[in-house]
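Per the working numbering, the sequence shown starts with residue 9, numbered consecutively.
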Amino acid sequence: MAEFFDALNDKHIAMIGKQPVFFVATAAEDARINLSPKGYDAFRVLGPRRVAYLDLAGSGNETHAHLSRDGRITVMFCNFDRPALILRIYGTGRAVLPQDQEWEGLSAHFELLPGTRQIFVIDVESVQTSCGWGVPFMDYRDERATLQKAHAQSEPDEWLAKQQGRDSSIDGIPVRTTDRYIAGK
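In structure tokens:
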């Protein structure tokens with residue numbers, strides 16, 4: 009059933025590459041547990057022990073807040089087709105913002121989308137696979153264009169002011185905010 013690995017292998021990487029959605033979970037002491045679904049072509053395997061994902065502005069910035077305090081993160085992929093499989097990546101993560109020195113090199117791995125605010129880099133501590141036999145079959149239809157469309161229609165100065173005003177999590181944990189609007193495509 010469940011197996012643990014020290015790093016991602018080729019089979020894991022192939023499975024990840026086929027998934028249109030993944031889930032991110034973080035927690036910080038005295039804060040709510042955050043669990044977020046992520047879509048788009050936003051996840052990259054940078055190596056067997058390092059992954060990253062592109063983060064668009066949304067309703068909050070809990071992942072950034074939790075990682076700044078605690079660093080722990082779990083990413084989960086579910087194969088909704090065959091073979092049944094769940095893959096979890098356990099690690100420590102951090103936010104890289106457009107104003108950070110690492111941004112240029114890291115962002116080159118992604119197609120930047122309207123509303124991009126940061127990239128989360130995760131150092132893989134362990135990988136777990138499990139059967140996934142209880143996960144239903146589901147068919148992928150398409151990505152929702154709504155989030156990217158909303159960001160693309162925003163006035164850059166207003167968008168940036170809104171993001172910079174979101175300088176803490178729902179539990180009051182401070183976050184660093186982006187210093188630029190990225191138009192993307």
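Built from N, CA and C at the ideal position, the CB exists for glycine as well.
{"Check": "Going straight from the alpha carbon of ALA10 to that of GLY99, what length do you get?", "Outcome": "18 angstroms"}
{"Check": "Measure the C-alpha to C-alpha separation of PHE118 and ARG52 and round it to an integer number of angstroms.", "Outcome": "8 angstroms"}
{"Check": "Would you list, in sequence order, the uninterrupted alpha helix (DSSP H) runs of no fewer than 4 residues that lie entirely inside the stretch 66 to 97?", "Outcome": "70 to 77"}
{"Check": "Write down every uninterrupted run of the beta strand (DSSP E) in the stretch 41 to 67 whose length is 3 residues or greater and which is fully enclosed by it, in chain order.", "Outcome": "42 to 46, 51 to 55 and 58 to 64"}
{"Check": "Please work out which residues of its chain come closer than 6 angstroms, Cβ to Cβ, to THR186, disregarding the five sequence neighbours upstream and downstream, and give them in chain order.", "Outcome": "LEU105, PRO106, ARG125 and GLN171"}
{"Check": "At which residues does the alpha helix (DSSP H) containing ARG166 begin and terminate?", "Outcome": "Note on identity: in this sequence residue 166 is Glu, with Arg being the wrong assignment. From DSSP, the alpha helix (DSSP H) with GLU166 extends over 164 to 173."}
{"Check": "By the three-class DSSP mapping on this structure, what secondary structure does GLU133 have?", "Outcome": "strand"}
{"Check": "For ARG116 and GLU37, I'd like the C-alpha separation in whole angstroms.", "Outcome": "Per the sequence shown, residue 116 should be read as Ala rather than Arg. One C-alpha to the other measures close to 34 angstroms."}
{"Check": "Sort out for me which residues DSSP pairs SER176 with in a bridge.", "Outcome": "PRO182"}
{"Check": "Helix, strand or coil for GLY99 per DSSP?", "Outcome": "strand"}
{"Check": "Is it a yes or a no for the stretch 152 to 163 touching the stretch 74 to 92, going by three-plus beta-carbon pairs under 8 angstroms?", "Outcome": "no"}
{"Check": "Do you know offhand how far LEU54's Cα is from ALA169's?", "Outcome": "32 angstroms"}
{"Check": "Compute the Euclidean distance between the alpha carbons of PRO28 and GLU166, then round it to the nearest angstrom.", "Outcome": "31 angstroms"}
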